[in-house]
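Participant: Taking the working numbering, the leading residue of the sequence shown gets 40, the next gets one more, and so forth.
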Amino acid sequence: MDEPDTEPPLVVVPGADPSARQLCFAWGPAEVLVCETLFGRAGGSRCRRRSRSPSPSRPRAEGRAGAAARALTGSVAGTGEGAPSSSRVFVVRRDQDIYIQTLRKLFNESHGIFMGLQRSDEELAGKSRKAQLVQVSKNYRSVIRACMEDMHQAAVSTRDPALQGQYSTQVSILSAMELIWNLCEILFIEAAAAGPLLLRLLDWVRLHVCDVDSMVREVLSSESPSKHKLFWNVVDIFVLQGRMDEARHLLSKEASANPTSMTMYKILDDLMKKMPVPSLGNTQTLTELELKWQHWHEECQRYLQDGTFASNPHMESICKILLGDEDAILEKRELMTTWYHFLVTRLLYSHPTVKPMELRFYAQSSMDLFLGGESSPEPLDMILMAAFEFEIHQVIKECSIVLSNWWFVAHLTDLLDHCKLLQSHNLYFGSNMREFLLLEYASGLFSHHSLWQLGVDYFDHCPEYGRVYLELHIERIPLSTEQKALKVLRICEQRQMHEQVRSICKIMAMKALRNNRLGSALSWSIRAKDAAFATLISDRFLKDYCERGCFSDLDLIDNLGPSMLLSDRLTFLGKYREFHRLYGEQRFVEAARLLLTLMTAHIAPCSFWMTLLTDALPLLEQKEVIFSAEQTYELMRCLEDLTAGNPDKQKFQDDDVETTKVEMLRLALARNLARVIVKEGTVEGS
Numbered sequence: 040m041d042e043p044d045t046e047p048p049l050v051v052v053p054g055a056d057p058s059a060r061q062l063c064f065a066w067g068p069a070e071v072l073v074c075e076t077l078f079g080r081a082g083g084s085r086c087r088r089r090s091r092s093p094s095p096s097r098p099r100a101e102g103r104a105g106a107a108a109r110a111l112t113g114s115v116a117g118t119g120e121g122a123p124s125s126s127r128v129f130v131v132r133r134d135q136d137i138y139i140q141t142l143r144k145l146f147n148e149s150h151g152i153f154m155g156l157q158r159s160d161e162e163l164a165g166k167s168r169k170a171q172l173v174q175v176s177k178n179y180r181s182v183i184r185a186c187m188e189d190m191h192q193a194a195v196s197t198r199d200p201a202l203q204g205q206y207s208t209q210v211s212i213l214s215a216m217e218l219i220w221n222l223c224e225i226l227f228i229e230a231a232a233a234g235p236l237l238l239r240l241l242d243w244v245r246l247h248v249c250d251v252d253s254m255v256r257e258v259l260s261s262e263s264p265s266k267h268k269l270f271w272n273v274v275d276i277f278v279l280q281g282r283m284d285e286a287r288h289l290l291s292k293e294a295s296a297n298p299t300s301m302t303m304y305k306i307l308d309d310l311m312k313k314m315p316v317p318s319l320g321n322t323q324t325l326t327e328l329e330l331k332w333q334h335w336h337e338e339c340q341r342y343l344q345d346g347t348f349a350s351n352p353h354m355e356s357i358c359k360i361l362l363g364d365e366d367a368i369l370e371k372r373e374l375m376t377t378w379y380h381f382l383v384t385r386l387l388y389s390h391p392t393v394k395p396m397e398l399r400f401y402a403q404s405s406m407d408l409f410l411g412g413e414s415s416p417e418p419l420d421m422i423l424m425a426a427f428e429f430e431i432h433q434v435i436k437e438c439s440i441v442l443s444n445w446w447f448v449a450h451l452t453d454l455l456d457h458c459k460l461l462q463s464h465n466l467y468f469g470s471n472m473r474e475f476l477l478l479e480y481a482s483g484l485f486s487h488h489s490l491w492q493l494g495v496d497y498f499d500h501c502p503e504y505g506r507v508y509l510e511l512h513i514e515r516i517p518l519s520t521e522q523k524a525l526k527v528l529r530i531c532e533q534r535q536m537h538e539q540v541r542s543i544c545k546i547m548a549m550k551a552l553r554n555n556r557l558g559s560a561l562s563w564s565i566r567a568k569d570a571a572f573a574t575l576i577s578d579r580f581l582k583d584y585c586e587r588g589c590f591s592d593l594d595l596i597d598n599l600g601p602s603m604l605l606s607d608r609l610t611f612l613g614k615y616r617e618f619h620r621l622y623g624e625q626r627f628v629e630a631a632r633l634l635l636t637l638m639t640a641h642i643a644p645c646s647f648w649m650t651l652l653t654d655a656l657p658l659l660e661q662k663e664v665i666f667s668a669e670q671t672y673e674l675m676r677c678l679e680d681l682t683a684g685n686p687d688k689q690k691f692q693d694d695d696v697e698t699t700k701v702e703m704l705r706l707a708l709a710r711n712l713a714r715v716i717v718k719e720g721t722v723e724g725s
């Protein structure tokens, strides 16, 4: 995978007509926005796109988004001749599978397995670590199989032919994915040695290649199984798959139905029973197995040469298969259906102690013999061949090209990387293969409205570029609800992504302000630590108070705490609300002291001074003297500063309401001062 990208494939966008109109496009993180312009063109063209999404970490990503907006604006503005016409916008997605509802189980459950693998104890060594990795691989395969069964069920239950075709296609893809993964598990992860290797390959063939259960049920449910037209086909399949006990069981029915073949049956049954097979334990060495197999092979050869089975072509064919006769095995091509089934059968009866590195030679010759030049290998054949040749990187490359999404290669590569099989392989553009594929997969997840949450964890485990990708992708998440915004915010806060936290809070604050939800807007601006925006919203609160005579969102303002120190205006808002609370609790002396502090500290806006002085009127008119002489003089000074320093002094004087307020304040202040002097003089005289 070290070579540069080749020429991208041509992709025809359904519904677009590039021969009639020019098309413009802009790259997104996981999709391409294509739109028609209103400029005609003489020659035909097609829209090109690369099969691999571009990296969102490239510096021009934001510029492309702007270009898309400008292109869309231009496309609906009108033609060069001024004639109105309609234009269309197309979204071209690479990872379309992400939007298939029935594949959600695959993405969600595999995410849990992936996270468990990242947290696993890598200090385990030897067999313990290998067993752990093999179990992880089996867990991945079980998820694939469960998803495949759900997809099959959906295909059976739907009545829509289009959906049925889509589900059937997905079943085929998932089946191929499990087939490839299982083989990689045997060869790379478990790394089975000679002997157990053949047993694992037999299990692989039995699980994936030929399902005979339905044929067996049909044969056994008939009145005379040995006379059934499929009887010998089932026996042959059992033999080809090395399922000797089941083959012997069926042959016993043939012997019971035809006593004349009893002798031949007993001999063949004895040969099948005595066939040496490798064991998973260490009960015998390879040398012992080869010796036993050689003696058994000579015995089979002797019976065949003596013509023991000459009178029964079916049994004679089985004996030839036991001897590993390639022509006899190839005669059953239709029962095996694939060259890799032929390969495993051939190894079972000719080379049972095959070593892993010898597989490449047998695999290539088996494919050549089975296909016979009549058909060319399919992409799946090339992937399996690469696996048999132990070309791990070629397997990953071919799967990346053939499969419709990044799920398979991302998770398989991550698992192989934990097996220390990809440590020396770096890509030419800077990242290693594991990280590159995980980044591509996670980028696709971020284009989905809910699966993006899984993508966050994948980015977290990409040490080189993961954080950069996460920062760029998380800014593109549409914050459609406050709940979703809080979820995104929590993710950013957990990862100390301070710039993104501020950006999200500012966006939500602006949305709330547009909807006149001042409390929510203030909460978001405080969270963003945006002093300027908090000042703006505080002014809106004060303006609303002046218009309505009461505060909204009292719970928020009453509980600002240290947050009110974010800006002077917010501090004033909090303290002014505290003044109202003290007044309501009839704690007049404390309320008066706080009100005077708000005016003399110069944190109140000048436009609000008259409101503050007006709030002092009820305190000045109380029966009990609240303001001291010094405090009264301060209030007088503030009133004179307000009237003398007002730039619209003439307008201020012409306003009857404002003039009345000033006169009332002066009268109240003078009366309060007189009361204070009398009171303080009386106290001093006594």
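Backbone N, C-alpha and C define an ideal beta-carbon position, used for all residues, glycine too. From a predicted model like this one, the values you see are computed outputs, not experimental measurements.
Cβ of Lys371 within 7 Å of Cβ of Asp275?
Facilitator: On the sequence shown, position 332 is the one that residue 371 refers to. On the sequence shown, position 236 is the one that residue 275 refers to. It is a contact, given that the beta carbons lie within the stated cut-off.
Participant: Let me check one thing: in DSSP terms, what residues is Ala65 bridge-paired to?
Facilitator: Counting from one through the sequence shown, the residue named residue 65 turns up at place 26. According to DSSP, which records beta bridges pairwise, Ala65 is partnered with Leu72.
Participant: Go to Glu338, then tell me how far its alpha helix (DSSP H) extends in each direction, as first and last residue.
Facilitator: For this step, residue 338 is matched to residue 299 along the sequence shown. Here the alpha helix (DSSP H) through Glu338 covers Leu325 to Gln344.
Participant: For the segment 502-516 against the segment 476-492, are there 3 or more C-beta pairs whose distance is under 8 Å?
Facilitator: The segment 502-516, when compared against the segment 476-492, does touch it at the 8 Å Cβ threshold.
Participant: Would you kindly work out how many angstroms separate the C-alpha atoms of Asn10 and Leu637, rounded to a whole number?
Facilitator: Residue 10 cannot be examined here, being either before or after the span of the chain that is shown, 40 to 725.
Participant: Taking the continuous alpha helix (DSSP H) assigned at Arg158, which residues delimit it?
Facilitator: In the sequence shown, residue 158 corresponds to position 119, counting from 1. Unbroken alpha helix (DSSP H) run through Arg158: Arg143 to Arg158.
Participant: Closest to Phe227 by C-alpha separation, out of Tyr672, Ile576, Ser489 and Val434, would be which residue?
Facilitator: Locating residue 227 in the sequence shown gives position 188, counting from the first residue. Among Tyr672, Ile576, Ser489 and Val434, the Cα nearest to that of Phe227 belongs to Val434.
Participant: Quick check: what's the CA-CA separation for Ala170 versus Leu518?
Facilitator: Residue 170 sits at position 131 when you count from the first residue of the sequence shown. Residue 518 sits at position 479 when you count from the first residue of the sequence shown. C-alpha separation (whole angstroms): 44 Å.
Participant: Write down every uninterrupted run of the beta strand (DSSP E) in the segment 232-309 whose length is 3 residues or greater and which is fully enclosed by it, in chain order.
Facilitator: none
Participant: DSSP on Phe763, reduced to helix/strand/coil?
Facilitator: A question about residue 763 goes unanswered here, because the residues of the chain that appear run from 40 up to 725.
Participant: Determine the contact status of Asp592 and Gly558, defining contact as a CB-CB distance below 7 Å.
Facilitator: On the sequence shown, residue 592 is found 553 positions in, with the first residue counted as 1. On the sequence shown, residue 558 is found 519 positions in, with the first residue counted as 1. Their beta carbons are under 7 Å apart, which means Asp592 touches Gly558 by this criterion.
Participant: Quick one: is the Cβ of Lys166 within less than 6 Å of any heavy atom of the ligand SAM?
Facilitator: Within the structure as shown, the ligand SAM is missing, as the structure has no ligands at all.
Participant: With distances taken Cα to Cα, identify the nearest neighbour of Leu595 among Ser577, Arg587 and Glu702.
Facilitator: Locating residue 595 in the sequence shown gives position 556, where the first residue counts as 1. Answer by Cα proximity: Ser577.
Participant: Where does the unbroken alpha helix (DSSP H) through Ile357 begin, and where does it stop?
Facilitator: For the purposes of this step, residue 357 is identified with residue 318 of the sequence shown, where counting begins at 1. Counting along the chain, the alpha helix (DSSP H) containing Ile357 begins and ends at Pro352 to Leu361.
Participant: Determine the DSSP secondary structure at Glu697, reduced to helix, strand or coil.
Facilitator: For this step, residue 697 is matched to residue 658 along the sequence shown. Three-state result, Glu697: helix.
Participant: Output the residue ranges of the alpha helix (DSSP H) runs that lie fully inside the segment 550-624 and measure 4 residues or longer, sorted by chain position.
Facilitator: 557-567, 570-587, 593-597 and 607-623
Participant: What residue from Glu337, Asp654 and Arg287 has the CA that sits closest to His619's CA?
Facilitator: Residue mapping note: residue 619 aligns to position 580 of the sequence shown, counting from 1. That would be Asp654, whose Cα lies nearest to the Cα of His619.
Participant: With a 10 Å radius around its C-beta and 16 neighbouring C-beta atoms as the bar for buried, classify Lys166 as buried or exposed.
Facilitator: Counted from its first residue, the sequence shown places residue 166 at position 127. Label assigned to Lys166: exposed.
Participant: Give the straight-line distance between the Cα atoms of Ala713 and Glu702, rounded to the nearest whole angstrom.
Facilitator: Reading the sequence shown from its first residue, position 674 is the one you call residue 713. Reading the sequence shown from its first residue, position 663 is the one you call residue 702. Each residue's Cα considered, the two are about 17 Å apart.
Participant: Alpha carbon to alpha carbon, how far is Phe447 from Trp243? Give it in angstroms, no decimals.
Facilitator: Against the sequence shown, residue 243 aligns to sequence position 204. Against the sequence shown, residue 447 aligns to sequence position 408. Rounded to the nearest angstrom, the two C-alpha atoms are 19 Å apart.
Participant: Is DSSP giving Ala185 helix, strand or coil here?
Facilitator: Residue mapping note: residue 185 aligns to position 146 of the sequence shown, counting from 1. Ala185 carries a helical assignment under DSSP once its states are collapsed to helix, strand and coil.
Participant: Where do the ends of the alpha helix (DSSP H) carrying Thr452 lie?
Facilitator: Looking up residue 452 in the sequence shown gives position 413. Unbroken alpha helix (DSSP H) run through Thr452: Trp446 to His457.
Participant: I need the straight-line Cα distance from Phe400 to Asn297, nearest angstrom please.
Facilitator: Position 361 of the sequence shown, counted from the start, is the residue given in the question as residue 400. Position 258 of the sequence shown, counted from the start, is the residue given in the question as residue 297. Going from the Cα of Phe400 to the Cα of Asn297 covers about 43 Å.
Participant: Mind checking whether Leu461 and Leu454 have CB atoms under 7 Å apart?
Facilitator: On the sequence shown, residue 461 is found 422 positions in, with the first residue counted as 1. On the sequence shown, residue 454 is found 415 positions in, with the first residue counted as 1. The Cβ atoms of Leu461 and Leu454 lie no closer than 7 Å to each other.
Participant: Could you check if Leu706 is buried or exposed, using at least 16 other CB atoms within 10 Å of its CB as the buried criterion?
Facilitator: Translated into positions along the sequence shown, residue 706 becomes position 667. That one is exposed.
Participant: Do you know whose CA, among Val495, Leu561 and Glu521, lies nearest Leu511's CA?
Facilitator: Position 472 of the sequence shown, counted from the first residue, corresponds to residue 511. If we check each option's Cα against that of Leu511, Val495 comes out closest.
Participant: Check for me: the alpha helix (DSSP H) holding Ile440 runs from which residue to which?
Facilitator: For the purposes of this step, residue 440 is taken as the residue at position 401 of the sequence shown. Run containing Ile440: Ile431 to Val441, per the alpha helix (DSSP H) assignment.
Participant: Do the CB positions of Ala631 and Phe590 come within less than 7 Å of each other?
Facilitator: One-based indexing of the sequence shown puts residue 631 at position 592. One-based indexing of the sequence shown puts residue 590 at position 551. No.
Participant: How would you label Leu604, buried or exposed, when you count the other beta carbons within 10 angstroms and need 16 or more for buried?
Facilitator: On the sequence shown, position 565 is the one that residue 604 refers to. Under this definition Leu604 is an exposed residue.
Participant: Going by other Cβ atoms of all chains shown within 10 Å of its Cβ, with 16 needed for buried, is Ala683 buried or exposed?
Facilitator: Residue mapping note: residue 683 aligns to position 644 of the sequence shown, counting from 1. It is exposed - the Cβ of Ala683 has fewer than 16 other Cβ atoms within 10 Å.
Participant: Would you kindly work out how many angstroms separate the C-alpha atoms of Thr19 and Val664, rounded to a whole number?
Facilitator: With the chain covering only 40 through 725, there is no way to say anything about residue 19.
Participant: Would Asp627 pass as a contact of Leu652 if the rule is Cβ separation under 7 Å?
Facilitator: On the sequence shown, position 588 is the one that residue 627 refers to. On the sequence shown, position 613 is the one that residue 652 refers to. Going by the sequence as given, residue 627 is Phe instead of Asp. No, the pair does not count as a contact, with Cβ atoms beyond the cut-off.
Participant: Taking buried to mean at least 16 other C-beta atoms within 10 Å of its own C-beta, is His457 buried or exposed?
Facilitator: In the sequence shown, the residue the question calls residue 457 occupies position 418. Classified as buried, His457 has 16 or more neighbouring CB atoms from the shown chains inside 10 Å of its CB.
Participant: Given a threshold of 16 other Cβ atoms within 10 Å of its Cβ, counted over all protein chains shown, does Val251 qualify as buried or as exposed?
Facilitator: In the sequence shown, residue 251 corresponds to position 212, counting from 1. It is buried - the Cβ of Val251 has at least 16 other Cβ atoms within 10 Å.
Participant: On the three-pair Cβ rule with 8 Å, is the segment 214-231 touching the segment 418-427?
Facilitator: yes
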